[in-house]
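K.L.:
Line by line, the protein sequences give chains B and D. Using the numbering used here, count along the first sequence one by one with no gaps and you end on 144. Using the numbering used here, count along the second sequence one by one with no gaps and you end on 581. The beta carbon of each residue, even a glycine, is placed where N, CA and C say it ideally should be.
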Amino acid sequence: IPVSPPPSLLRLPSRAPYTPQSRSRHVPETRRREPCGGDRRGEAGEDTQEKEGILPERAEEAKLKAKYPSLGQKPGGSDFLMKRLQKGQKYFDSGDYNMAKAKMKNKQLPSAGPDKNLVTGDHIPTPQDLPQRKSSLVTSKLAG
Amino acid sequence: LWCFSQVKGAVDDDVAEADIISTVEFNHSGELLATGDKGGRVVIFQQEQENKIQSHSRGEYNVYSTFQSHEPEFDYLKSLEIEEKINKIRWLPQKNAAQFLLSTNDKTIKLWKISERDKRPEGYNLKEEDGRYRDPTTVTTLRVPVFRPMDLMVEASPRRIFANAHTYHINSISINSDYETYLSADDLRINLWHLEITDRSFNIVDIKPANMEELTEVITAAEFHPNSCNTFVYSSSKGTIRLCDMRASALCDRHSKLFEEPEDPSNRSFFSEIISSISDVKFSHSGRYMMTRDYLSVKIWDLNMENRPVETYQVHEYLRSKLCSLYENDCIFDKFECCWNGSDSVVMTGSYNNFFRMFDRNTKRDITLEASRENNKPRTVLKPRKVCASGKRKKDEISVDSLDFNKKILHTAWHPKENIIAVATTNNLYIFQDKVN
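As structure tokens, then:
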């Protein structure tokens, strides 16, 4: 089985003690560019008969690669694991936010793209990005 | 033959996020059935005493208690939200009149005591019935307070809070057969607790690599063996299960057994690892077998054989040709659970379109049923469903493309002794019973 180098990922922020100076939470995401998976097919060889159950899976993979050519060589690996570890985390730092607002002066802060869970690059979470948190004071409908 | 018994929850299609059911669990006797939801609430149902007149059905489940187990929290140090969603509920075996359960969200486990109060003291000398104090000078005679019956009140109170032991999100809790300790597992670590001690927890598994860039797998589920108090298993996102023995060493980073089915490398695709990720692991009641659920199948493993499962059941193989769209809509990451019946002869798991599947290990027969309000007359026998993968669709079959992937059954539970099952759709709880007589 060929071993591909692990892609660089979104770094988990280091848990430094909170000081106003160290605001290095939002590290831009870096992805190493990798060749699209051509060599795997070469490994299978011409003489391999595509088994009935595998053909649909490979066809699906081809569909996916056609839509998203930048998907990494490493299948379902660290990228989605890191996303899973960070599930639900939304960083809102009022210090960061106010400093960024001051820097931008009157301009609007860039707001989150469609995928609000991924915080990358210059984007700083703004109050609008955070989902409304309501505490459930209502009784469950199962008990109704 | 399975019949509809009850359905709980709102009828309307507009589902509030808080009402999404996130866990279902019978207690050890089967008399109580607990559900947890995304809003952090727990609802407990109790089975009615068997009605001797209506002997053709077992008791119904009615609401016994409901309480707010977890609230949303904000971790100010890390600026992150902690969801109140109840990930798991596990019951303790009953030791006295009260019932105890553990409920957990992503970060905090709580031990709840559920107790009944059906009498109250009346006839105090110095207090009125409403609690106001009486003027002692007005007391002319003395009486002895007595207990009088009152309407049953069920109270839930948090007895222990086990917090701050998990950096990552808790996915499992499991009570040891010693009934004194339990484990909690997050993506990278497993901790051992004593039920009486909340300020200390012992880490028994840590798979966090020194360099996070080397991370290749996470822990997806963990469970204690039902009989051996030193043994537990944990499953991974790569489709492996590790069995650990706490007698071997204090830190169980090295497994005693590794269960993994070898994969043909020529079959590998982008999706292979994702669909091999195990979403649930459950020991059989006997303790001889364990069952794992991955995206497309259920596997039964003999604890004595590590190199392959002894049985494999396909849950919805027709989805293999839909993996691309299931990846795009994130459904490929859905975490289905599975469960055994009381005698370990049948296993059950959920699927899409509000379908759920049962596999009889002895007869090798399987059945697909649907949890729907369409057949909700009590004792209506459920009609088996069939999904047509391709080609000509027969009458009454459903084609793969018509399946509703938003209607997923992730959580199911089987009564420990009887053929009663609880099936959770997004926001409704269905109870089915097998046909008596």
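Could you tell me which chain D residues have their CB closer than 7 Å to the CB of P56/B, listed as they occur along the chain?
P.N.:
R464, S465
K.L.:
State buried or exposed for H313/D, treating a residue as buried only when at least 16 other CB atoms are found within 10 Å of its CB.
P.N.:
It is buried - the Cβ of H313/D has at least 16 other Cβ atoms within 10 Å.
K.L.:
Flag this pair as yes or no: are the beta carbons of F189/D and N171/D separated by less than 8 Å?
P.N.:
no
K.L.:
May I have the straight-line CA-CA distance separating L55/B from L359/D, to the nearest angstrom?
P.N.:
Between L55/B and L359/D, the C-alpha separation is close to 30 Å.
K.L.:
For the alpha helix (DSSP H) containing Y574/D, list its first residue and its last residue.
P.N.:
Careful: Y574/D lies outside any alpha helix (DSSP H), inside the beta strand (DSSP E) at 573 to 578.
K.L.:
Rounded to a whole number of angstroms, what is the C-alpha to C-alpha distance between T524/D and D488/D?
P.N.:
26 Å
K.L.:
Just to confirm the assignment, what range does the beta strand (DSSP E) spanning S316/D have?
P.N.:
316 to 319 is the span of the beta strand (DSSP E), which, as asked, contains S316/D.
K.L.:
Whose C-alpha, out of F477/D, S318/D, C396/D, is nearest the C-alpha of N371/D?
P.N.:
S318/D
K.L.:
Note down, in chain order, all residues in the segment 167 to 192 of chain D with a beta-carbon under 7 Å from any beta-carbon belonging to chain B.
P.N.:
If the cut-off is 7 Å between Cβ atoms, the segment 167 to 192 of chain D has T179, D181, G183, G184, R185, V187 near chain B.
K.L.:
Determine the chain D residues that contact A143/B at a beta-carbon separation under 7 Å, and present them in chain order.
P.N.:
V187, V207, T210
K.L.:
For the alpha helix (DSSP H) containing Y277/D, list its first residue and its last residue.
P.N.:
Counting along the chain, Y277/D falls outside any alpha helix (DSSP H), and DSSP gives it neither H nor E.
K.L.:
Return no unless some Cβ of chain B is closer than 8 Å to the Cβ of D163/D.
P.N.:
yes
K.L.:
Give me the chain D residues within the contact set of K63/B, using Cβ-Cβ distance strictly less than 8 Å, ordered along the chain.
P.N.:
Contact note: K63/B reaches chain D through C468, using a C-beta cutoff of 8 Å and chain order.
K.L.:
Under DSSP, the alpha helix (DSSP H) around I419/D begins and ends at which residues?
P.N.:
Counting along the chain, the alpha helix (DSSP H) containing I419/D begins and ends at 416 to 420.
K.L.:
Any C-beta of chain D sitting closer than 8 Å to the C-beta of S140/B?
P.N.:
yes
K.L.:
Along chain B, in chain order, which residues have C-beta atoms closer than 7 Å to that of L440/D?
P.N.:
Neighbours of L440/D on chain B: none; closest Cβ ~10 Å, over 7 Å.
K.L.:
Spatial neighbours of V288/D within its chain, please: CB distance less than 8 Å, with the 5 preceding and 5 following residues excluded, ordered by chain position.
P.N.:
G267
K.L.:
State the DSSP-derived secondary structure class of Y378/D, mapped to helix, strand or coil.
P.N.:
strand
K.L.:
Under the three-state reduction of DSSP, which class applies to N98/B: helix, strand or coil?
P.N.:
N98/B sits in a helix when the DSSP states are folded into three classes.
K.L.:
From the DSSP output, in three-state form, read off D548/D for me.
P.N.:
DSSP, reduced to helix, strand and coil, places D548/D outside both helices and strands of the structure shown, so it counts as coil.
K.L.:
For the beta strand (DSSP E) containing C483/D, name the first residue and the last one.
P.N.:
482 to 484
K.L.:
Would you say K271/D faces chain B, with C-beta separation under 8 Å as the test?
P.N.:
Not flagged as an interface residue toward chain B: K271/D, since no C-beta distance is shorter than 8 Å.
K.L.:
To which residues does DSSP link P265/D through a beta bridge?
P.N.:
F291/D
K.L.:
List the residues of chain B that S149/D touches, going by C-beta distances under 7 Å, in chain order.
P.N.:
Here the premise fails: no neighbours, minimum Cβ distance about 15 Å.
K.L.:
When Cβ atoms are compared, which residues of the segment 320 to 349 of chain D fall closer than 7 Å to chain B?
P.N.:
D331
K.L.:
Comparing alpha-carbon positions, which option in R452/D, E169/D, V377/D lies nearest F368/D?
P.N.:
That would be V377/D, whose Cα lies nearest to the Cα of F368/D.
K.L.:
Assuming the contact rule is C-beta atoms closer than 8 Å, F480/D and L554/D should be a hit. Round their C-beta distance to whole Å, please.
P.N.:
5 Å
K.L.:
For Y312/D and chain B, any beta-carbon pair shorter than 8 Å?
P.N.:
yes
K.L.:
Take N571/D and list the residues in its own chain whose beta-carbon comes closer than 7 Å to its own, dropping the five residues that flank it on each side.
P.N.:
Cβ contact annotation for N571/D (same chain, cutoff 7 Å, sequence separation greater than five): G153, A154, V159, D163, I164, I165, in chain order.
K.L.:
So what does DSSP say about Y462/D, is it helix, strand or coil?
P.N.:
Helix at Y462/D.
K.L.:
In whole angstroms, give me the CA-to-CA distance for S534/D and E518/D.
P.N.:
26 Å
K.L.:
Is the segment 288 to 303 of chain D close to the segment 252 to 263 of chain D, with three or more CB pairs under 8 Å?
P.N.:
Touching, yes, given that three or more Cβ pairs across the two stretches are closer than 8 Å.
K.L.:
Buried or exposed for F414/D, going by 16 or more other Cβ atoms inside 10 Å?
P.N.:
buried
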